[in-house]
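Peer 1:
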Amino acid sequence: MSITLSEKDNGYIEGFAGFKKNAPGSDLDWLQSIREQAIAKFSELGFPTIQDEDWRFTNVAPIARSSFNILENGHDKVSASDLTQFQFEHTEVTELVFINGHYSKELSKDGTLPEGVIVKNLADAIESEQKIVKDNLAKYADFKDEAFTALNTAFMEDGGFVYIPKGIVVETPIHLLYISTDEDTPSITNPRNLIIAEDNSQANVIEHYTSMTDNIYLSNVVTEIVVGENSTIGHYMIELESKKAFNISTLRVQQARSSNIRSHSVLLGGSLVRNNVHPVLAGEGCDSLINGLYMSSHRQHMDNYMKVEHASPHCDSRQLYNGILDGRSRGVFHGRIIVHEDAQKTDAKQTNRNLLLSDTAQIDTKPQLEIYADDVKCTHGATIGQIDENALFYLRSRGISKDNARDIILHAFTNETLESMSVDSVKNYCYKLVTNWFDQRKENQEA
Amino acid sequence: MLEIKNLHASVEGQEILKGLNLIINAGEVHSIMGPNGSGKSTLAQVLAGRDSYEVTEGEIIFEGKNLLELAPEERACEGIFMAFQYPVEIPGVANTHLLREALNSVRKYRGEEPLKHIEFVKFANEKMKIMNMGDNLLKRAVNEGFSGGEKKKNEIFQMQILEPKLAILDETDSGLDIDALKVVSEGVNALRSPERGFLVITHYQRLLDYIVPDFVHVLVDGKIVKTGGKELALELEDKGYGWIEEEKTAANS
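Protein chains in written order, with the numbering used here: chain A, 1063 to 1509; chain B, 13 to 265.
(1) Beta-carbon separation of D1244 (chain A) and T1275 (chain A) under 7 Å?
(2) Measure the alpha-carbon distance for G1221 (chain A) versus S1391 (chain A) and round it to whole angstroms.
(3) Output the distance between the C-alpha atoms of P270 (chain B) and Y1165 (chain A), rounded to the nearest integer angstrom.
(4) Who are the neighbours of L174 (chain B) on chain A, taking C-beta pairs under 9 Å?
(5) Output the boundary residues of the beta strand (DSSP E) element that contains P283 (chain B).
(6) Under DSSP, the alpha helix (DSSP H) around T1211 (chain A) begins and ends at which residues?
(7) Taking the straight line between their C-alpha atoms, what separation do you get for L1351 (chain A) and L1343 (chain A)?
(8) Does Y1356 (chain A) have its Cβ less than 7 Å from a Cβ in chain B?
(9) Measuring only the C-alpha atoms, how far is T1408 (chain A) from I1180 (chain A)?
(10) Whole angstroms is fine: what's the gap from V1315 (chain A)'s alpha carbon to S1359 (chain A)'s?
(11) Measure how close the beta-carbons of A1405 (chain A) and S1374 (chain A) come, nearest whole angstrom, since I'm counting them as under 8 Å.
(12) Would F1455 (chain A) count as contacting chain B if we go by Cβ distances under 7 Å?
(13) If you drop the 5 nearest sequence neighbours on each side, which residues of the same chain put their C-beta closer than 7 Å to that of R256 (chain B)?
(14) With a 10 Å radius around its C-beta and 16 neighbouring C-beta atoms as the bar for buried, classify E1508 (chain A) as buried or exposed.
(15) Output the distance between the C-alpha atoms of A1209 (chain A) and D1186 (chain A), rounded to the nearest integer angstrom.
(16) Do you know how far the Cα of T261 (chain B) is from the Cα of I36 (chain B)?
(17) Check this for me: beta carbons of V1335 (chain A) and L1313 (chain A), under 7 Å apart or not?
(18) Note down, in chain order, all residues in the region 1473-1495 of chain A with a beta-carbon under 9 Å from any beta-carbon belonging to chain B.
(19) Quick one: list the residues of chain A neighbouring A60 (chain B), beta-carbon separation under 7 Å, in chain order.
(20) Would you say the region 1256-1264 of chain A touches the region 1292-1300 of chain A, given that touching needs at least three Cβ pairs under 8 Å?
(21) Is the region 1221-1241 of chain A touching the region 1116-1129 of chain A, taking contact as three or more C-beta pairs under 8 Å?
(22) Suppose you measure from the CA of L82 (chain B) to the CA of I1462 (chain A); what does that come to, to the nearest Å?
(23) Specify the secondary structure class of P103 (chain B) as computed by DSSP and reduced to three states.
(24) Should N107 (chain B) be labelled buried (16 or more other beta-carbon atoms within 10 Å of its own) or exposed?
(25) Could you pull the start and end residues of the beta strand (DSSP E) that A1410 (chain A) belongs to?
(26) Return the first residue and the last residue of the beta strand (DSSP E) that V1328 (chain A) is part of.
(27) Indicate whether at least one CB of chain A lies closer than 7 Å to the CB of S22 (chain B).
(28) At the level of alpha carbons, what is the spacing between E131 (chain B) and M1218 (chain A)?
(29) Distance, Cα to Cα, S1333 (chain A) vs I1425 (chain A)?
(30) Cutting at 7 Å between CB atoms, please list the residues of its own chain near L1175 (chain A), excluding the five before and the five after it.
(31) List the residues that DSSP assigns as beta-bridge partners of G1290 (chain A).
(32) If you measure from the beta carbon of I1323 (chain A) to each beta carbon in chain B, is any gap under 7 Å?
(33) Measuring CA to CA, which of B:E90, B:N148, B:S159 is closest to K77 (chain B)?
(34) Would a check of beta-carbon distances place S43 (chain B) closer than 7 Å to chain A?
(35) Let me make sure I understand the geometry here. Which of B:E167, B:L34, B:A202, B:L29 has the alpha-carbon closest to that of T68 (chain B)?
(36) Please confirm whether M94 (chain B) has its beta-carbon closer than 7 Å to some beta-carbon of chain A.
Quick look at the structure:
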């Protein structure tokens, strides 16, 4: 039986009643209780509006107005050969594939993982790794104040579960690949990822959201990463949704002492995209690198909402987000840095650079520093501009053609955020996506 | 090699060059001096093809071609090189990347095969020794975070890589200390040859102790008002530009 969610006629609450009966782990009281609390919060909060300060620049009315189906399964619509376009070359990976939000064992593949490392889908992990899941799931991502997180938490079914034991280094990347298939009516998925890295461990996890067609759907993603002491986690978010899709994703990272997170977002697809990144530097001496690249065209809307929370002394955070906006697209960068009272010797830096390629593209960039400690270093900077004519002329005066010079400058701009990716195969994949974007743009201009 | 006839150029509607004439033959080094605002840099920018400068009258013939019809990159490929007064910083583009792209663009224009990576590195390394530059300047982003001296050295280094027919130095000496000035001058002198012309634009005579010109022209209010040998530069250093401007006023009245 398919479940339909809509704001009309209490559709979300009614849908939930139907959903919870057959949801994974429906026999677990603790889990059902979280879901119950979340749906209660969601119905209380409702979808945010532009009156909410955090949503001032992004109107989610198109989502609120829609009704979405929760799909049963779509494995039969995708074959292994369909996946190759979304895979990384020359690299051994552990890959979990989700079709319309549901795990596909047939399409997924096991990589070689060190002993004790667990990579499996969350629906299974709820049963088999119940203690770890129970101790961490929904403990960090705030479903009490954030509507989309509440919605995800109420309707979470499946996603990636990654557990790295103490002292283990996972060399090969872990790929969580989400694919939406062609459906007649708009659909919703609520991917829920839980990544636990115990002390002194290391791994790279890639979330990847793609589609096979141009249909309308909502991916409402929540990912929680718990980084143990002295551990390093690389997180990649590659958003390649269909042209008509909505993608709302929330990354919540909890960092213990001396831990290190390297977060990379690459946003290219979707009609309405919101990328929430929220690390809490909870232990002393943490390091956060938060990089992103957003490239929009036509009428795409891409909103990046950063909330970097310094909660302990001697932590460093570095944010670098670059945006390229074309057509009538609109970008948002909202960069909050919160330095708590105890977080002395914080060193936080935020940079947001934007290139507008058309007269009709628009960007809103807003730094927001909330500092409650007195011995900190916080800097922020934002730029908005066109391609630098001086740089263009300089290159041309050296014999480089105008087109080539433009390409060099644009690629340099995108590379600034991509070059810090430590997994080469993923970096190369992203380089390719960016090159395709530029090629597509040229084709459109010539047409 | 280069013939400038009755050149008038304006920027934002204001006429800066007001009928400039100049002939540079292969093998010659010409220096242009003049007070601030006389049009020295405008001349350099017009030659390089900056489109914010509008040529309203006159012509520029370079090696038999109408230079004003060529795009900046075509001029570069034809053999014109301008060392910028204020070299531009280009974040994210490695110096080597720029140089290789530039060199191979020029080679392609001439119908030559592009240099392979290894050949290029060898070629660049030879030139780097002349300029006394560290490896790291090659790997770093173009001019980003370079000191004033490093930027100017980098300009001359690029010039050595591209081996132009006509080299234009737009106040390359401004702001350099004596050590950097010597390195830059040595770099320029290493390129002097019977096939190559130089146009050295400067505000200060000091540079001309190191790059000794064949001709010195004085540019005042958009026109060349006096031409002489290298001793003219010394005279200017000594007496300033006032006497020339007075001479000009006297001649006009």
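Quick reminder that beta carbons are idealized off the backbone N, C-alpha and C, glycines included. Bear in mind the structure is a predicted one, so any value in this text is a computation, not a measurement.
Peer 2: Reading off the structure:
(1) yes
(2) 30 Å
(3) Here chain B covers residues 13 to 265 and nothing more, so residue 270 (chain B) does not appear.
(4) R1460, G1461
(5) Residue 283 (chain B) lies beyond the range of chain B shown here (13 to 265); nothing can be said about it.
(6) Segment 1209-1217, the alpha helix (DSSP H) holding T1211 (chain A).
(7) Their Cα atoms are separated by approximately 11 Å.
(8) No, its Cβ sits nowhere closer than 7 Å to a Cβ of chain B.
(9) 34 Å
(10) 30 Å
(11) 6 Å
(12) yes
(13) Correcting the residue identity first, residue 256 (chain B) is Ile in this sequence and not Arg. Hits under 7 Å: V230, V232, V237, K238.
(14) Classification of E1508 (chain A): exposed, given that the 10 Å Cβ count is below 16.
(15) 26 Å
(16) 27 Å
(17) no
(18) Listed in sequence order: H1473, A1474, F1475, T1476, N1477, E1478, E1481.
(19) Within chain A, S1459 have C-beta atoms less than 7 Å from the C-beta of A60 (chain B), given in sequence order.
(20) yes
(21) In the pairwise beta carbon analysis, the region 1221-1241 of chain A is classified as not touching the region 1116-1129 of chain A: fewer than three pairs are separated by under 8 Å.
(22) 13 Å
(23) P103 (chain B): strand per DSSP, three-state reduction.
(24) buried
(25) 1409-1418
(26) Counting along the chain, V1328 (chain A) sits inside the beta strand (DSSP E) bounded by residues 1322-1329.
(27) With respect to chain A, the C-beta atom of S22 (chain B) has no partner C-beta closer than 7 Å.
(28) 58 Å
(29) In this structure, the straight-line span from the alpha carbon of S1333 (chain A) to that of I1425 (chain A) is close to 15 Å.
(30) Correct list, in chain order: T1156, V1181, V1232.
(31) None; G1290 (chain A) has no bridge partner.
(32) no
(33) Closest option to K77 (chain B), Cα to Cα, is B:E90.
(34) no
(35) B:L29
(36) yes
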